[in-house]
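Numbering (this note's numbering), first residue to last: 382 to 420.
What follows is a set of notes on a single structure, which appears directly below.
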């Protein structure tokens, strides 16, 4: 039971980190594009 909980917890953390990375990437490329076009 504890093992299953631990596995689920790790999966949730991985998904959260992945989503954070994706949103960071999107934000960064958006800012980069904005800077490039405003030059």
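C-beta: ideal position from N, C-alpha, C; glycine also.
All of these numbers come straight from a predicted model, not from anything done at the bench.
Checklist line | Inter-residue Cα distance where the pair is residue 408 and residue 418 | finding: 15 Å
Checklist line | Backbone CA spacing between residue 386 and residue 412 [nearest angstrom] | finding: 39 Å
Check: With a CB to CB cut of under 6 Å and the five nearest residues on each side skipped, what residues in its chain are close to residue 383?
Finding: none
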